[in-house]
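Reviewing the structure listed below.
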Amino acid sequence: MSAKLVLQGIAVAAFMVMLHSGYSAREYLMYSKSIGRQDLSLPIEIVLECLVSLAIMTVALVISVGKLKPISYE
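With our numbering as the guide, the letters of the sequence shown map in order to residues 620 to 693.
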């Protein structure tokens with residue numbers, strides 16, 4: 620397998636983790652509202668899951684792009 624394909628797979632996996640953190644945030648907020656909690660801040664685990672997956676996805680996509688072509692205005 621090529622390195623580009625592996626990096627794109629890592630980016631897709633990181634995106635799936637980011638979707639999971641969004642779902643977890645929604646479920647947590649719905650549960651907090653249902654029990655009447657006033658403080659609706661997210662737990663640090665959900666925030667870290669989102670930020671780490673964003674960082675991994677960004678790095679994997681930037682590396683998988685490869686060498687950029689020069690821009691010409693002609």
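C-beta: ideal position from N, C-alpha, C; glycine also.
Note that the structure is predicted; figures quoted are calculated from it, not measured.
Secondary structure note for G628: its alpha helix (DSSP H) is the uninterrupted segment A622 to S653.
For I665, the uninterrupted alpha helix (DSSP H) segment begins and ends at I663 to V684. The residue among L687, K686, S653 and S643 with its C-alpha nearest the C-alpha of P662 is S643.
Each residue's CA atom was taken as its position, placing A679 and Q627 some 7 Å apart. Note on geometry: alpha-carbon atoms of V671 and G641 lie some 13 Å from one another. Between S660 and K623, the gap from beta carbon to beta carbon reaches 7 Å or more.
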